[in-house]
Amino acid sequence: MMKYIDEYRDKKLISGLADLIARSVRQKYIFMEVCGGHTNAIHRFGISALIPDCIRLISGPGCPVCVTGKSFIDKAVAILKLENIIIATFGDLIRVPGSASSLEKERSSGSDIRIVLSALEALEIAKLNPEKKIVFPGIGFETTAPGTAVVIKLAEKDHIGNFFLLNAHKVMPPAMEAIIRDGTNIDGFICPGHVAAITGSSIFNFIPEKYNLGCCVTGFEPADLMQSILMLVRQKNNNSPKVEIQYNRAVTETGNLLAQKNLSEVFEPCDDCWRGFGVIPDSGMKLQKKYEKFDADKVFSPVISYTEDDGSCICGEILRGIKSPADCPLFATVCVPENPTGACMVSNEGTCNTWFRYKING
Amino acid sequence: MCLSIPARILSINGKMAEVSAGGSIFKAGLHIIEDARPGDYILLHAGFAIQKISEEEAVETLRIIEEMNNSLNDI
Ligand code: SF4
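Taken in order, these protein sequences are the chains called E and X. Quick note: the first sequence uses my numbering, first residue 515, plus one each step. Quick note: the second sequence uses my numbering, first residue 5, plus one each step.
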């Protein structure tokens with residue numbers, strides 16, 4: 515028995531919720547799950563088959579690998595051309611195609627690229643290799659960024675001069691707002707539970723207040739997802755959009771204050787570029803001036819030539835909830851997880867990758 | 005990379021813990037949670053414990069769902 519997992523996969527519990535949802539629906543509903551972890555769980559547990567056809571679940575921009583722009587990979591590749599560089603990265607990133615290359619291709623032609631599970635490991639590599647310069651590509655949302663902030667503070671405290679952050683950390687609410695403003699047709703958000711574990715659920719308050727859309731902060735097991743869908747259906751039926759927390763075991767209204775403190779000590783808001791969206795105001799985090807010496811962008815000033823767009827890949831529209839992988843002519847033909855054309859096919863949380871694994875391969 | 009999993013703290017050494025999840029042992033930084041103790045359940049994300057899991061709330065969520073389901077049988 516795995517605690518906090520198995521009890522939320524209980525068949526009886528889930529089929530009861532399925533019944534309740536079926537009896538509650540009165541119209542068509544479209545709910546967007548923003549987090550790639552939710553996309554993965556929805557397909558893995560076959561949630562769509564458990565709910566009536568009138569509820570459509572669509573995926574949004576919540577996979578950090580997917581929303582990271584091509585120019586980020588191009589920059590990492592450019593830095594690798596300099597002397598004595600080691601890139602220590604999360605594994606997902608290495609297969610993301612840049613304009614002309616990827617970290618995986620650079621590794622096979624001899625570049626030193628190490629896979630790490632944590633920014634802490636990247637810092638360890640820096641300590642063990644003082645003659646090298648270690649670059650950690652920092653991607654991820656509010657969930658991942660506090661760990662990076664901790665590592666920057668540790669590097670400062672221990673005077674580690676050969677550790678650098680190539681930063682692309684992002685925050686979620688501005689992208690959700692961009693989707694609403696884009697006019698994407700949705701009735702509510704299945705809000706990212708682990709982002710909210712850090713930030714608190716209150717960061718979503720503007721969504722019902724300003725845009726009259728429902729929000730439910732949701733866990734990642736099937737009973738969590740089903741309960742949240744029921745909560746969103748009821749919000750819509752009662753025309754009472756609000757921010758509800760389904761994932762109470764990890765999320766409060768105010769979140770993890772210590773993590774937030776670390777974030778605000780190290781980073782400050784900035785505009786950032788998202789694949790599919792372009793620049794979204796205040797959607798990124800950049801290192802504060804006092805930590806600039808760790809900023810790989812500033813230290814190495816990687817020169818990238820023109821960044822090519824993705825051609826026929828429609829990742830951008832998929833991330834905005836406008837299209838699905840089925841609309842892409844390359845899906846599962848040219849573009850497969852072993853040889854991804856676009857970023858959405860790379861990570862387990864990418865929409866195209868998830869569709870490939872659960873729809874094509876059962 | 006973005007998944008977070010429930011894990012149980014086995015032992016703590018300074019700011020680092022050994023945690024167990026799904027039968028495997030991982031290292032977890034405890035820098036951003038407070039008052040962690042062996043036996044506590046945490047969410048493990050990219051090498052850090054990002055939040056403690058509340059036993060009380062976990063039980064409560066299950067109770068609410070079961071109550072919903074029971075009300076269904078009454079209809
Ligand atoms: S299937 Fe491949 S090419 Fe098509 S949108 Fe997805 S990632 Fe892009």
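Glycine included, each C-beta is placed from N, C-alpha and C at the ideal position.
Assigned secondary structure, residue i (DSSP; H/G/I helix, E/B strand, else coil)
| i | result |
| --- | --- |
| E:S573 | strand |
| X:I79 | Note that X:I79 has pLDDT 49, beneath the 50 cutoff, so the model's placement of it is unreliable and no number is given. |
| E:F650 | strand |
| E:P736 | helix |
| E:T657 | coil |
| E:I600 | strand |
| E:F870 | helix |
| X:V23 | strand |
| E:T865 | helix |
| E:N753 | coil |
| E:F703 | strand |
| E:D606 | helix |
| E:Q760 | coil |
| E:F677 | strand |
| X:V63 | helix |
| E:Q541 | coil |
| E:D786 | strand |
| E:P566 | coil |
| E:T698 | coil |
| X:L34 | coil |
| E:S797 | strand |
| E:R621 | helix |
Integer Cβ distance of residue i from residue j, believed to fall under 8 Å
| i | j | result |
| --- | --- | --- |
| E:C705 | E:V581 | In fact, because the Cβ distance is near 17 Å, the residues do not count as touching under 8 Å. |
| X:I54 | E:I712 | 6 Å |
| E:V757 | E:C729 | 4 Å |
| E:F678 | E:V649 | 5 Å |
| E:V793 | E:C784 | Not really, about 10 Å apart at Cβ, beyond 8 Å. |
| E:R763 | X:I36 | 18 Å between Cβ atoms; not a contact. |
| E:I599 | E:K647 | 5 Å |
| E:A669 | E:F781 | About 14 Å separates the two Cβ atoms, so there is no contact after all. |
| E:T855 | E:S573 | Actually they are not in contact, since the Cβ atoms of E:T855 and E:S573 sit about 18 Å apart, beyond 8 Å. |
| E:M546 | E:F718 | That pair is no contact at about 12 Å. |
| X:G18 | E:L634 | That pair is no contact at about 12 Å. |
Neighbour list for residue i in chain X, Cβ cutoff strictly below 7 Å
| i | result |
| --- | --- |
| E:I519 | P10 |
| E:N776 | I36 |
| E:Q741 | I69 |
Chain X contact for residue i (CB, 7 Å cutoff)
| i | result |
| --- | --- |
| E:T657 | yes |
| E:V793 | no |
| E:A773 | yes |
| E:P851 | no |
| E:L534 | yes |
| E:S754 | no |
| E:V848 | no |
| E:V664 | yes |
| E:S632 | yes |
| E:G530 | yes |
| E:G583 | no |
| E:G624 | no |
Contact with chain E by residue i, beta-carbon distance below 7 Å
| i | result |
| --- | --- |
| X:N17 | no |
| X:S24 | no |
| X:G33 | yes |
| X:G51 | yes |
Proximity test, residue i beta-carbon vs the ligand SF4 heavy atom, cut-off 6 Å
| i | result |
| --- | --- |
| X:G43 | no |
| E:G856 | yes |
| E:F655 | no |
| E:P611 | no |
| E:L833 | no |
| E:P722 | no |
| E:L844 | yes |
| E:C568 | no |
| E:C497 | Because chain E spans 515 through 876 in this model, residue 497 of chain E falls outside it and cannot be assessed. |
| E:C827 | yes |
| E:C866 | yes |
| E:P578 | no |
Beta-carbon neighbours of residue i, restricted to chain E and to distances below 8 Å
| i | result |
| --- | --- |
| X:L47 | H708, A711, A764 |
| X:S58 | N762, R763, A764 |
Chain-ordered chain E contacts of residue i [CB-CB under 9 Å]
| i | result |
| --- | --- |
| X:L66 | E521, Y522, D524, L527, A737 |
| X:L14 | Those do not exist, as X:L14 stays about 14 Å from chain E at its closest Cβ, beyond 9 Å. |
| X:A21 | What X:A21 touches in chain E: nothing, since even the nearest Cβ is about 12 Å away. |
Contacts of residue i in chain X (Cβ-Cβ under 8 Å)
| i | result |
| --- | --- |
| E:N770 | I36, I37, I54, Q55 |
| E:G888 | In the structure as shown, chain E starts at 515 and stops at 876, and residue 888 of chain E therefore has no counterpart that could be examined. |
| E:S715 | Under the 8 Å cutoff, chain X gives no residues; its nearest Cβ is about 13 Å from E:S715. |
Interface residues of chain E facing residue i [CB-CB closer than 7 Å]
| i | result |
| --- | --- |
| X:A40 | Neighbours of X:A40 on chain E: none; closest Cβ ~11 Å, over 7 Å. |
Chain X contact residues for residue i, given Cβ-Cβ distances below 9 Å
| i | result |
| --- | --- |
| E:G661 | G33, H35, I36, H49, A50, G51, F52, I54 |
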